[in-house]
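Everything below concerns the one structure shown next.
There are 2 protein chains.
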Amino acid sequence: MPAMERRGMMLILSSPSGAGKSTLTRQLVADQSDISLSISVTTRPKRPSEIEGKHYHFMSVAAFKAMRDRNELLESAEVHGNFYGTPRRAVETALAAGRDVLFDIDWQGTRQIMARMRRDVVAVFILPPSMAELQHRLERRAEDNAETIARRLGNARDEIAQWGLYDYLIVNDDLEAAFYSVKAILAAERLKRDRLVGAPGFVDRLLKI
Amino acid sequence: MPAMERRGMMLILSSPSGAGKSTLTRQLVADQSDISLSISVTTRPKRPSEIEGKHYHFMSVAAFKAMRDRNELLESAEVHGNFYGTPRRAVETALAAGRDVLFDIDWQGTRQIMARMRRDVVAVFILPPSMAELQHRLERRAEDNAETIARRLGNARDEIAQWGLYDYLIVNDDLEAAFYSVKAILAAERLKRDRLVGAPGFVDRLLKI
């Protein structure tokens, strides 16, 4: 396709833990060019395995609060006493350059981002085929005890109840089919007239001759 | 994907003559289940090669005007003294049953259908990569004389000028890529929350257990 300049999108994938979101996120970044995972800022201490600027931007509570107060965060949350947030500037730069940004966040973050930049957001919710299957997947990971699994299932119910916020719904009972669905949404949304900021110029050049 | 009932969509493909719309339409119907081409009514005399109910529903001018007056046509037009129109009922039945209906129509028909059923419409405009390429394709058909080709190119310019009406834009400089784009739009639009009328029931069943 001849270059038709486009504005990037913010592709949000949300799902309860165990519904396949992390796998789909990883596959998408590996498969697609022109899309990258948003890197959050956090006040949580860096773990030895983590790399500054790759997994997170690590910062002090004071620096975080200063960013938030200057409206430089698209969304933020406090979890177990640590702050997390999405810096606005890197996202704006990517979108203006026609690159998409992928977000692996929950419905509360989704709602905050939608409130600020609705037209740039494409929000996808991944549903499990059943709660039994979700429980089975959590148990198969074998990294959590029964109490943790029960808590995760409770959280999953709260998360699923927010499905109505999202633009697209995918039931993940087959990972390959779910991955095709995410790719189709990305491909289609890249063809939306509203995002094709180069379209008026393209048509002008077409009709000038 | 477990059955989640959905409402069908009206997928409209428009383009100037020579931009590849007919080929894409034919490929899509052959490739995809759950989508069928809308069959128009017309007052034009049946040609020997045409089959009633497959190519058109042939009818008298009186019968056509009666349908139009009863608001049973989603769009209609008069071309060279003959009337053409899209019957509403067959489309409504298909959409309610979760089947998609494909339309190979121009911008005037698109505008009429949008005025009546905007939420069910997914409108895609196919652009040629250049007017030179469009002219080349029209000449390659070798079925038209120079005068006809010049007229078609003039019509193409008028048609292209209406690109702003459409939801999606595809530049067809590679048929395979353009076909993938149309399929991606169809796949994505089938996952739109608004069309998934079975979603509330699906989530209820999911959370009941």
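So the sequences go chain by chain: D and Z.
Numbering of the first sequence is given in our numbering, commencing with residue 1 and proceeding in unit increments.
Numbering of the second sequence is given in our numbering, commencing with residue 1 and proceeding in unit increments.
Even glycine gets a Cβ: it sits at the ideal position worked out from N, Cα and C.
Being a predicted model, the structure only gives us computed values, none of them experimental.
| message | Measuring CB atoms only, is the segment 123–139 of chain Z touching the segment 12–19 of chain Z, in the sense that at least three cross pairs come out at less than 8 Å? | response | Here the segment 123–139 of chain Z lies against the segment 12–19 of chain Z, with 3 or more beta-carbon pairs under 8 Å apart.
| Measuring CA to CA, which of D:W107, D:V41, D:R6 is closest to D:A96? | Minimum Cα-Cα distance from D:A96 among the listed residues D:W107, D:V41, D:R6 corresponds to D:R6.
| Closer than 7 Å, Cβ to any Cβ of chain D: which residues of the segment 106–122 of chain Z, in chain order? | Under the 7 Å Cβ criterion, the segment 106–122 of chain Z contributes no residue.
| request: Could you tell me the distance, in whole angstroms, from the CA atom of D:M1 to the CA atom of D:D34? | output: Confidence is the limiting factor: at D:M1 the pLDDT is only 48, short of 50, which leaves the residue's position unreliable and the question unanswerable from this model.
| request: Measure the CB-CB distance between D:S38 and D:L102 and report whether it falls below 8 Å. | output: In contact: D:S38 and D:L102 (Cβ atoms closer than 8 Å).
| request: Quick one: using the 10 Å Cβ neighbour count with 16 as the cut-off for buried, is D:A199 buried or exposed? | output: Burial call: buried.
| Near-chain D residues of the segment 160–176 of chain Z - C-beta to any C-beta below 8 Å | Interface annotation for the segment 160–176 of chain Z against chain D: I160, A161, W163, G164, Y166, D167, Y168, L169, I170, V171, D173, D174, criterion Cβ-Cβ distance under 8 Å.
| task | Out of Z:V29, Z:K208, Z:P128, state which residue places its alpha-carbon closest to the alpha-carbon of D:F202. | result | Checking every option, the nearest Cα to that of D:F202 belongs to Z:P128.
| request: Would you kindly work out how many angstroms separate the C-alpha atoms of Z:R88 and D:I160, rounded to a whole number? | output: Answer to the nearest angstrom: the Cα atoms are 37 Å apart.
| Quick one: Cα of Z:R119 to Cα of Z:L11, how far? | Distance between Z:R119 and Z:L11, taken at the CA atoms: about 11 Å.
| query | Grouping DSSP H, G and I as helix and E and B as strand, with all else coil, what is D:D106? | reply | D:D106 falls in the coil class under three-state DSSP.
| query | Shortest alpha-carbon distance to D:E92 belongs to which of D:G109, D:V79, D:W107, D:V121? | reply | Taking only the C-alpha atoms, the option nearest D:E92 is D:V121.
| Assigned exposure category for Z:G154 - 16 Cβ within 10 Å defines buried | That one is exposed.
| field | Reduced DSSP secondary structure (H/G/I, E/B, other) of D:H57 | value | Here D:H57 sits in strand by DSSP.
| D:I170, enclosing beta strand (DSSP E) - first and last residue | Here the beta strand (DSSP E) through D:I170 covers 168–171.
| In three-state DSSP terms, what is D:M1? | Caution is warranted here: a pLDDT of 48 is assigned to D:M1, below 50, making its placement in the model unreliable, and the coordinate value is therefore given only provisionally. Here DSSP, grouped into helix, strand and coil, assigns D:M1 to coil.
| said: Could you give the first and the last residue of the continuous beta strand (DSSP E) run that contains Z:P87? | reply: It spans 82–87 - the beta strand (DSSP E) in which Z:P87 sits, taken as one unbroken run.
| query | Quick one: what's got a C-beta closer than 7 Å to Z:A77's C-beta in the same chain, skipping five residues either side? | reply | Closer than 7 Å at Cβ, skipping near neighbours: Y84, Q108, G109.
| field | Nearest-angstrom Cα separation, counted from Z:F179 out to D:L73 | value | In this structure, the CA atom of D:L73 is about 39 Å from the CA atom of Z:F179.
| said: I'd like to know whether the C-beta atoms of Z:S36 and Z:R99 end up nearer to each other than 8 Å. | reply: The answer is yes: Cβ separation under 8 Å.
| task | Report the residue from Z:E143, Z:I105, Z:A187 whose alpha carbon sits nearest the alpha carbon of D:L169. | result | It is Z:A187 whose Cα lies nearest to the Cα of D:L169.
| In the structure shown, what three-state DSSP assignment does Z:I51 receive? | Look at Z:I51 here: in three-state DSSP terms it is coil, with no helix or strand label.
| Any Cβ of chain Z within less than 8 Å of the Cβ of D:M131? | At a cut-off of 8 Å between beta carbons, D:M131 contacts chain Z.
| request: Pick helix, strand or coil for Z:K192, following the three-state DSSP scheme. | output: Three-state DSSP puts Z:K192 in a strand.
| When we look at the beta-carbon of Z:S40 and count the other beta-carbons within 10 Å, is it buried (16 or more) or exposed? | When all chains shown are included, Z:S40 counts as buried.
| What does Z:A188 reach in chain D if we use C-beta pairs closer than 9 Å? | Under the 9 Å cutoff, chain D gives Y168, S181, A184, I185, L186, A187, A188, E189.
| field | Own chain, CB closer than 6 Å to Z:M252, minus 5 neighbours either side, in chain order | value | The structure shown does not extend to residue 252 of chain Z, since chain Z spans only 1 to 209, so no value can be given for it.
| said: Just verifying my parser: in three-state terms, what is the DSSP assignment at Z:V197? | reply: DSSP places Z:V197 outside both helix and strand once states are collapsed to three, so it counts as coil.
| said: So the candidates are D:D106, D:R140, D:K208, D:E147; which of them puts its Cα closest to the Cα of D:Y234? | reply: For chain D, the structure presents residues 1 to 209; residue 234 of chain D sits outside this window and is missing.
| request: Give the range of the beta strand (DSSP E) segment to which D:S22 is assigned. | output: Run containing D:S22: none in the beta strand (DSSP E); it sits in the alpha helix (DSSP H), 21–31.
| task | Could you check which residue in D:H57, D:D104, D:I113, D:E189 has the C-alpha nearest to that of D:N71? | result | Residue nearest to D:N71 within the set D:H57, D:D104, D:I113, D:E189 is D:I113 (criterion: CA-CA distance).
| query | What does Z:V182 pair with, by DSSP beta-bridge criteria? | reply | Partner(s): none; Z:V182 has no beta bridge.
| field | Beta-carbon contacts of D:P45 that lie in its chain and below 8 Å, excluding the five residues immediately before and after | value | Once the five neighbours on either side are set aside, the close Cβ partners of D:P45 are F58.
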